[in-house]
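This report refers to the structure that appears directly beneath it.
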Amino acid sequence: MKRIFLCLFLVAALMGCGNSSSVTISTTTLPAATIGAAYSQTLTATGGTTPYTWSVTSGTLASGLTLSTSGVISGTPTSVGSTFTVSVSDSSNPISTSTQSLIIQSILGAGQTVTLATGQSISVPSGTTVTDTNNNIVTVNGDNSTVNTTAGAVVSAPSTATGTADNTVIAQ
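Following our numbering, the numbering of the sequence shown begins with 940 at its first residue and continues without gaps.
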């Protein structure tokens, strides 16, 4: 009887029985990414059975960024980021999966120019110009200000910009 119990216990341990913990994504926010600068962040999860497999299930990462199956977002962004949803699956049987919506806010560096699509936003330094599709020009001055513009607006940071990119331009 002891031998049967020991065998059942050993089989249960090898199969992962008793691991009722579901995988959960721990990462809920990500730091901003500067367009044209290297970026690397590792997503984290808890619970479930490792190894985990990560993927983007909706939305897209900014051009130039990729998500590895091991959960590393890396690359050099070449465009404004957007909202996306990641999914992580564990190695248990049955597989446990968790999803999380994330945003990587983009930062416009000195001397850079981007065109915004509807719903996109970007952090910019003071002195940045915003030219809408009607050729109206607005200069972003000060700190912590927000400028609303139209989709298709061209946002240009001066090459002499040295301040913190703490202003926001939003295309509606």
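Positions of the beta carbon are idealized from the N, C-alpha and C atoms, including for glycine.
Whole-angstrom distance between residue j and residue i, CA atom to CA atom
| i | j | result |
| --- | --- | --- |
| VAL1077 | THR1068 | 6 Å |
| LEU1004 | TYR978 | 8 Å |
| SER1013 | THR1054 | 22 Å |
| SER1065 | THR1072 | 21 Å |
| LEU953 | SER1030 | With a pLDDT of 40 at LEU953, under the threshold of 50, the predicted position of this residue should be treated as unreliable, and no value is reported. |
| GLY1102 | VAL1094 | 16 Å |
| THR983 | ALA1096 | 34 Å |
| ASN1075 | ASN1106 | 19 Å |
| VAL995 | VAL1011 | 12 Å |
| GLN1044 | SER1062 | 7 Å |
| LEU1000 | PRO1016 | 9 Å |
| SER1007 | ASN1083 | 34 Å |
| ASN1080 | ALA976 | 24 Å |
| THR1085 | ALA1104 | 12 Å |
| THR985 | SER965 | 7 Å |
| SER1098 | THR989 | 46 Å |
Beta-carbon separation (whole angstroms), residue i vs residue j, contact threshold 8 Å
| i | j | result |
| --- | --- | --- |
| GLY1048 | ILE1109 | Contact doesn't hold; Cβ gap of about 19 Å is too wide. |
| THR1040 | THR1022 | Note on identity: in this sequence residue 1040 is Ser, with Thr being the wrong assignment. So it is a contact: roughly 6 Å between Cβ atoms. |
| VAL1019 | GLN1059 | 5 Å |
| THR992 | VAL1027 | 7 Å |
| GLN1111 | THR1057 | 7 Å |
| ALA1100 | ILE1046 | Actually they do not touch by this definition, with Cβ atoms about 11 Å apart. |
For residue i, the nearest candidate out of the options (CA to CA)
| i | options | result |
| --- | --- | --- |
| VAL1025 | THR968, PRO1064, THR989 | THR968 |
| SER997 | GLY987, GLY986, ILE1042 | ILE1042 |
| SER960 | ALA972, GLY987, SER1098, VAL1063 | GLY987 |
| SER1009 | GLN980, THR1070, LEU1000, PRO1016 | GLN980 |
(request) Would you check if the region 1077-1097 and the region 1031-1044 touch, i.e. whether three or more CB-CB distances between them fall below 8 Å? (result) With a cut-off of 8 Å, the region 1077-1097 and the region 1031-1044 do not count as touching, because too few Cβ pairs lie within range.
(message) Ignoring anything shorter than 3 residues, give me the beta strand (DSSP E) runs that lie fully in the region 1045-1101, in order along the chain.
(response) Runs found: 1052-1054, 1060-1063, 1068-1070, 1076-1078, 1085-1088, 1093-1095.
(message) Going residue by residue through the region 963-1005, where are the continuous beta strand (DSSP E) segments of at least 3 residues, counting only ones entirely within it?
(response) The beta strand (DSSP E) runs of length 3 or more contained entirely in the region 963-1005 are, from start to end of the chain, 978-981, 992-998.
(message) Quick check for students: name the residue ranges of the beta strand (DSSP E) that lie wholly in the region 1019-1049, counting only runs of 3 or more.
(response) Qualifying beta strand (DSSP E) stretches, in chain order: 1022-1028, 1036-1042.
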